[in-house]
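Okay, structure first, notes after.
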Amino acid sequence: MSVKAGKHARELLLKEYRGVLSTHSKAMPGFPFGSVVPYCLDAEGRPLILISRIAQHTHNLGQDAKCSLLVGERGAEDVQAVGRLTLLAEARQLHDESEIEAAAQRYYRFFPQSRDYHRAHDFNFWRLEPVRWRFIGGFGAIHWLDQVAQANPFATDGSEASMVEHMNDDHANAIAHYVELAGLPQHEPAQMAGIDSEGFHLRIGQSLHWLPFPAPCSNPGAVRQALVQLARAESWPTSGEPSA
Numbered sequence: 001m002s003v004k005a006g007k008h009a010r011e012l013l014l015k016e017y018r019g020v021l022s023t024h025s026k027a028m029p030g031f032p033f034g035s036v037v038p039y040c041l042d043a044e045g046r047p048l049i050l051i052s053r054i055a056q057h058t059h060n061l062g063q064d065a066k067c068s069l070l071v072g073e074r075g076a077e078d079v080q081a082v083g084r085l086t087l088l089a090e091a092r093q094l095h096d097e098s099e100i101e102a103a104a105q106r107y108y109r110f111f112p113q114s115r116d117y118h119r120a121h122d123f124n125f126w127r128l129e130p131v132r133w134r135f136i137g138g139f140g141a142i143h144w145l146d147q148v149a150q151a152n153p154f155a156t157d158g159s160e161a162s163m164v165e166h167m168n169d170d171h172a173n174a175i176a177h178y179v180e181l182a183g184l185p186q187h188e189p190a191q192m193a194g195i196d197s198e199g200f201h202l203r204i205g206q207s208l209h210w211l212p213f214p215a216p217c218s219n220p221g222a223v224r225q226a227l228v229q230l231a232r233a234e235s236w237p238t239s240g241e242p243s244a
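Residue numbers (the UniProt record's numbering): 1 to 244.
Put into structure tokens, the structure is as follows:
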């Protein structure tokens, strides 16, 4: 059950891209301070955030790194009947230049408008290092989980960026077909933002949507076969094993 719950929790973390960051208030000791932040996942599957140096939550984290991130399903009519995930974490600001560059390149694909914030408005990258997870999958489906994050096998060797660039440059029709299959908004063209072993992210305007592969992919060859399968599908497949 914990393996299944962990999978569902990770899918929720992938599907959403913003949450409530709660920190320990510096101005009002003893009180939690909640604020909304966008996030994407780093190469190890940990939330990566970009926050202003002058923001209240940044001052709070400078004093106490312990925090939580609450993520819930968007658009829910009954928030108690759908999934929500609370990550208990230690926040760490990135200082190493290579880490900052890797974070920036990944984050910009998900949030292109953030380039201006980062370069001109004194924003810094922080990583939320997981301590424990609390996942509620609906009424009565309550789990404490020690492991939810999963490393992205394509994020560190450059293959993810290459695959995303290739899809955006050469396969706009396939991406449009994924949008149609998934019933996503079609008010403007979608762009691929990221690929992991379990699925891929599309960016439509300023919204992000994660779509699952028919089966997990362990290498770029499997990703290619999965994307070709989806491009030819008449409905979103629920089974099938893409292989290298």
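Positions of the beta carbon are idealized from the N, C-alpha and C atoms, including for glycine.
- Under DSSP, the beta-bridge partners assigned to H24 are P32.
- Assignment of alpha helix (DSSP H) within the segment 39-113, counting only whole runs of 4 or more residues, yields 56-63, 97-110 in chain order.
- Remark: fewer than three beta-carbon pairs, one from each stretch, lie closer than 8 Å, so the segment 177-189 and the segment 124-136 are not flagged as touching.
- I136 and I142 have their C-alpha atoms roughly 4 Å apart.
- When secondary structure is reduced to three states using DSSP, V223 falls in the helix class.
- Proximity to C67 across R132, G205, M163, L202 peaks at R132, based on C-alpha coordinates.
- With respect to E198, P216 sits close: the two C-beta atoms are nearer than 8 Å.
- According to the DSSP assignment, H8 belongs to the alpha helix (DSSP H) that extends over 2-15.
- For A193, the secondary structure class from DSSP, reduced to helix, strand or coil, is strand.
- According to DSSP, V37 shares a beta bridge with G19.
- Between the C-alpha atoms of L14 and G72 there is a straight-line separation of about 11 Å.
- Looking at the DSSP output, P130 sits in a beta bridge with A89.
- Counting the other Cβ atoms within 10 Å of the Cβ of R203 gives 16 or more, which makes it buried.
- N173 sits in a helix when the DSSP states are folded into three classes.
- In chain order, P214 place their CB closer than 6 Å to the CB of P237, counting only its own chain and leaving out the 5 sequence neighbours on each side.
- The alpha-carbon separation between T86 and L21 amounts to approximately 10 Å.
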